[in-house]
Every structure is written in C-alpha cells, then in structure tokens.
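Below is one structure; the comments refer to it alone.
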Amino acid sequence: MLVLVFSVFAGGCTSESESELPVQTISQTPMSEISIISYEKTPVSYLDLSYNVSLAYREFGKPDSEPLLMIIGFGGTMDSWNTTFISLLSENYHVYIYDHRDMGESSKTLSNFTIYDLSDDAANLITGLGYDSMNTYSVSMGSTVAQQLLISHPEKVRKAVLSSATYSVLIPKTEVLHGLIEDALTNPDSSEGVVKEAVANLGYPGCYDNLSSIKNDIMLITGTEDIITPQSVAVLIADRINGSWLVRFKGIPHMGSSYAPYEYAEITKIFLEMNETPT
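Following our numbering, the numbering of the sequence shown begins with 8 at its first residue and continues without gaps.
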C-alpha cells in the first residue's frame, strides 16, 4: 500500500503534526484557465438496459479521450458532482456522469434493489456505451457500488478511484452514516428512490472478505475530517487490496471533491495516467 498525505489550504485544516508522513501540496490551475461545464446546458441521454431499467447520463470531454465513469453516492444525482471537479477531469478524459435507477432522470422501478443490482447497472452501462472497460471514480455509496463492481465484473474496470469509501454501513466505524441512512428510511419527505437506496445499503452484507480478490489498480482518497466514512475505513480497505494507493487530505470532510476540486482532480489524473506495468 502506497500512502500519501496532502495538506489543503482550506478552513478547518488540522495541524501537520497528526501525520508521520511528509505533507505534500498540489498546485491549482487558475479558474480563468479552465472552461466550467454547465449541467443545465448539457443534454441528458438515456441508455435502456435489457431488464426494464433506463439510466440517464451526461457526457463531457473529447469522445476519443480515455473514458471515466463517475459513480455518485447515497441520495445524490449526476448533478450532485462539483462542476469544477468534473470540468477539470473532462480536460483529460471522456467523463460520464449518471443517475442510479430510481434517482434523478433515470427510470423508476417497481421493486426494491440491491447494491449488487447497482453494480450490475454500472457494468451494463459501460457495455451499453460501447466500451469493454472504463476507469471509474466513485464516492461514498458509489464507492461501495464500485467495490462490488470490481469484485463481480473486474474486466469492466481499468483503474478505480474510491473516494470517501466504506465496504459496509453496518460496521461501528460508520455509525454516523448508518444513522443518516436510517433517518432517510423513516423520513416521510424522502423520495422513493432515496428510500430504496437506504434499503439497499442496510441490506448489503459488505464486501470486506472479498476485497483481497481485487487485482485492478486502485486508489483510495479520504479526508482526515470525514466523520461519515472515516479515514480508518479507507485504511482497512487499502490493507486488503494489494498494491493500492491511499491518499489522505488533511482537513477535508466527506465527499472531498466538493471542497477541494483542484486537488482531488489533480491526484486522480496522476493516478490514472501513471503506467504501473513493469517494464
């Protein structure tokens, strides 16, 4: 496991003394030098899967660039991604963002679904878009989906970035996340899709025992101020996946790409572009 620690100059940063590793910094690209995408101005496309599920998606970047599938977390839609973060990634990659079934613009189903179903959806989306495989970037529940994708359909993934990840919401370390999901399940204002995602998360037994079977190149990104999926969970996952990267951003909370889009985009590009094949 390769461990990197980065210091981000943002409010609430912790002291550098918390880490035994040297702290590194990533330079930012000035806002004026990038073109910020617009979700409202980008048309939504739809892919019909073979089992009465239609997934809504948007795409950004050059069609001939390396593909990158973004897998969003619990309660989120494709519009939940930070636009600066997606804009930075689309400079180098053909980026696809999409809504899980029963969320956003994707089709509504008649029954509950599972994390296994969501991972199958991702695999079939990759195929349906015309690719044998893609790079993936996932966050929170999306990282759980991505881990199951790596276990069930490893051939569909080139490299994977797991941000704010956990392998289960049922472990003591994710009690805050578990509480949020329980609240969503019983909240009368929750949409049907959010309730179904809550059921899927609470019914998922976790994938810890199968993590060691993952042979793909993996990078985990975590923030030291993430109380929803604490950095200690990312350490456990990284320990189980041989050769994985673990990147910790000091002072950053859950879903850090919304708080440090430049830094998260830069380390993602570094990882995806690095050739780790022995020569």
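Glycine is no exception: its CB is placed at the ideal position from the N, C-alpha and C atoms.
Within this structure, are the beta carbons of residue 62 and residue 103 separated by less than 7 Å? As a working note, residue 62 is residue 55 in the sequence shown. As a working note, residue 103 is residue 96 in the sequence shown. No, the Cβ-Cβ distance between residue 62 and residue 103 is not below 7 Å.
From the DSSP output, read off the bridge partner residues of residue 61. In the sequence shown, counting from the first residue as 1, residue 61 sits at position 54. In DSSP, residue 61 forms a bridge with 55.
Do the CB positions of residue 8 and residue 239 come within less than 7 Å of each other? As a first step, residue 8 must be located in the sequence shown, where it is residue number 1. As a first step, residue 239 must be located in the sequence shown, where it is residue number 232. Taking 7 Å as the Cβ cut-off, residue 8 and residue 239 do not qualify as a contacting pair.
Please name the residue in 41, 113, 261 and 74 whose C-alpha comes closest to that of residue 163. On the sequence shown, residue 163 is found 156 positions in, with the first residue counted as 1. Residue 74 is the option with its Cα nearest to residue 163.
Buried versus exposed call for residue 249 [16 or more other C-beta atoms within 10 Å across all chains shown]: The sequence position of residue 249 within the sequence shown is 242, counting from 1. Counting Cβ neighbours within 10 Å, residue 249 comes out exposed, since fewer than 16 surround it.
Using DSSP with H/G/I as helix, E/B as strand and the rest coil, what is residue 164? Within the sequence shown, numbered from 1, the residue matching residue 164 stands at position 157. Residue 164 falls in the strand class under three-state DSSP.
Cutoff 6 Å; reference residue 29; Cβ partners in own chain excluding five residues on either side: What you label residue 29 is simply residue 22 of the sequence shown in a count that begins at 1. With a pLDDT of 38 at residue 29, under the threshold of 50, the predicted position of this residue should be treated as unreliable, and no value is reported.
Enumerate in chain order the residues of its own chain whose CB-to-CB distance from residue 165 is below 6 Å, with the five nearest sequence positions on each side excluded. Your numbering for residue 165 matches position 158 in the sequence shown. Cβ within range, chain order: 140 and 142.
Same chain, Cβ closer than 6 Å to residue 327, five either side skipped, listed in chain order: Since the first residue shown for the chain is 8 and the last is 286, residue 327 is missing from the structure and cannot be characterised.
Where do the ends of the alpha helix (DSSP H) carrying residue 149 lie? The count along the sequence shown starts at 1 and reaches residue 149 at position 142. Run containing residue 149: 148-159, per the alpha helix (DSSP H) assignment.
Going straight from the alpha carbon of residue 268 to that of residue 91, what length do you get? One-based indexing of the sequence shown puts residue 268 at position 261. One-based indexing of the sequence shown puts residue 91 at position 84. As the crow flies, the alpha-carbon of residue 268 is around 6 Å from that of residue 91.
If distances are taken between C-alpha atoms only, which option among 216, 129 and 145 comes closest to residue 138? Translated into the one-based positions of the sequence shown, residue 138 becomes position 131. When only C-alpha atoms are compared, the closest one is 129.
Whose CA, out of 264, 121, 223 and 80, lies closest to the CA of residue 94? Counting from 1 along the sequence shown, the entry for residue 94 is found at position 87. Answer by Cα proximity: 264.
Examine the Cβ distances between the region 106-118 and the region 175-184 and report whether three or more of them are shorter than 8 Å. Verdict: no, contact absent.
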